[in-house]
Every structure is written in C-alpha cells, then in structure tokens.
Amino acid sequence: PDVQVGAAFAFGHRREQAEPTAVLTILEAIGTGPNGKAWDCRACGYPSCHRFAQAAALGRASLRQCVPWLSKRAEDASRDASTDALTGLASYRSLQQRLSHEMERSKRSGDSFAVLFIDLDRLKELNDRYGHERGNTVLRSVADEIRKTIRATDLAARYGGDEFVVLLTRTDRAGALRVADALRDRIEQSGRRLGFLAGQITASVGVAEYDPSQPNEGPLLEQADRALYLAKSAGRNTVA
C-alpha cells in the first residue's frame, strides 16, 4: 500500500509540472528588467517570475496579473499607434501631431519648412499582376529609400496605401525640390534592384513650403496634394 500511495503521489506530482516550453514562452512574454535579469517584482503574488510562469502555464494565473507585462503591452500599443506596421514609418496620426508642432515652431523661429507628398505611380497594376505581397515588398523598399535620404530631424510617414509624406524641417521650396527629385530617382532605382523593368516602379512628388512670412494658402498637405496632382498630370515620375 505504501508503494501504491507513493506511486500515486509521484504520478500526481508529475501531472502538476508545467510544460517547460509553455513556461519559457510566458517568461519571454514577460521579458526581463533593465539589468537583463528577471523582474521578480512579486506584484503578481508569486515569489518569482519563474514561479508565476509555472502557475500561468498550468492555468492557475493570468498574464494580466503581471505588471511588467501589462506595461509592455501599453508601450506596444502606444508604438503601434504612432508607427505604420508595414513600413516602420510614422503613422498618419504621428504626422498630424508633428505637422502642428512644426508649424508652431516655424512661426516662432521664422524658418520655413516643407512637405513632400509622394505617390507610387503604378502600384495597383503591380498588385494585380504580381500579388499584394510583392507590392508590400515595394512599399517597404520605398520606405527604406526615404529613410536613407532624409535627415534625422525630418519625418517620414505612410499616409495610406501607396502614398507617403515627408516633412523637411528648416527647408525652403528650392531645397525641398532637390530632396524630392533625389527621392524620385532613388525610388525608381530601387525598383530596378528588386528586379522590375524600367518604368514599372516610379513615383510622383508634390512639394509645398510653409513660409510663416507669407499669406496662408490653405492646409499644407492640401497644397502638396495639389502639387502632386500636377506632377501626375505632367506624365508621372516627376516633381511639381
């Protein structure tokens, strides 16, 4: 009987052991503290992150009890709201916030700044012909070219679909036109590097300048959008 009881206890004890892989997955979700070690903050009610992960793997605890995990989720949500998931560029929301800030700064300093409205000319045709994943590769490549071209003080955002907006700080119209043409050329060259034929990957760019000393000509993005329309009307793959 003692042997049977001992065997039953051992069997029950084994059943209570959490799956190591599940425990590791939970620990990875929690992450580590600034010192690279486990948080072990005990806010969850367990003496260590490892003990908590074991309990969570057995269904006896929830990650919602973990303060570091909740904090990480909040940070991720904030980052996602300010960053475009596909390209890693700023989101439309971040662009609007930065644009408002830059206009106020420009009024105080008297410096001009400019925005570029970039539109890929034939992405819909490429998506229809090669598939959306291939189109996503193009969008990521264009985002990389924009990042390589602008300064750290500038801002690049994905406006939506195949449209991008670049905010150039302390830049007048002439300077913005130079950056726009450089970007137009780099985008075309990136298409060749991806294996597309000449002319398949091109972009049209509209440029608008905010000069605090000049009368307001309407919202800056609308001005840049009107300039983009002129670039499209001029035959695409151009700057206006």
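Numbers in the working numbering are just positions in the sequence shown, counted from 1, shifted up by 45.
Positions of the beta carbon are idealized from the N, C-alpha and C atoms, including for glycine.
Fair warning: this is a prediction, and the values are worked out from it, not measured in the lab.
What would DSSP say about residue i, mapped onto helix, strand or coil?
i: residue 239; result: coil
i: residue 128; result: strand
i: residue 161; result: strand
i: residue 248; result: strand
i: residue 91; result: coil
i: residue 102; result: helix
i: residue 279; result: coil
i: residue 83; result: coil
i: residue 221; result: helix
i: residue 285; result: coil
i: residue 269; result: helix
Since residue i and residue j should fall inside the 8 Å C-beta cutoff, what is the C-beta to C-beta distance between them, to a whole number of angstroms?
i: residue 250; j: residue 276; result: 6 Å
i: residue 63; j: residue 103; result: 5 Å
i: residue 203; j: residue 270; result: Contact doesn't hold; Cβ gap of about 15 Å is too wide.
i: residue 94; j: residue 72; result: 6 Å
On the DSSP letters alone, give me the boundaries of the beta strand (DSSP E) that residue i sits inside.
i: residue 75; result: That residue, residue 75, is in no beta strand (DSSP E); its alpha helix (DSSP H) goes 65-75.
i: residue 210; result: 208-213
With respect to the alpha helix (DSSP H) encompassing residue i, which residues constitute its N-terminal and C-terminal limits?
i: residue 61; result: First-last for residue 61: undefined, no H or E at that position.
i: residue 205; result: Unbroken run through residue 205 is the beta strand (DSSP E), 200-205; no alpha helix (DSSP H).
i: residue 183; result: 177-194
i: residue 154; result: 137-154
Cutting at 6 Å between CB atoms, please list the residues of its own chain near residue i, excluding the five before and the five after it.
i: residue 156; result: 215
i: residue 163; result: 209, 248 and 250
i: residue 98; result: 68, 71 and 72
i: residue 112; result: 88
Spatial neighbours of residue i within its chain, please: C-beta separation below 7 Å, excluding the five flanking residues on both sides.
i: residue 237; result: 243
i: residue 54; result: Reliability fails at residue 54, whose pLDDT of 40 lies under 50, so the model's placement of it is uncertain and no value is given.
i: residue 147; result: 158, 212 and 214
i: residue 257; result: 151, 152 and 155
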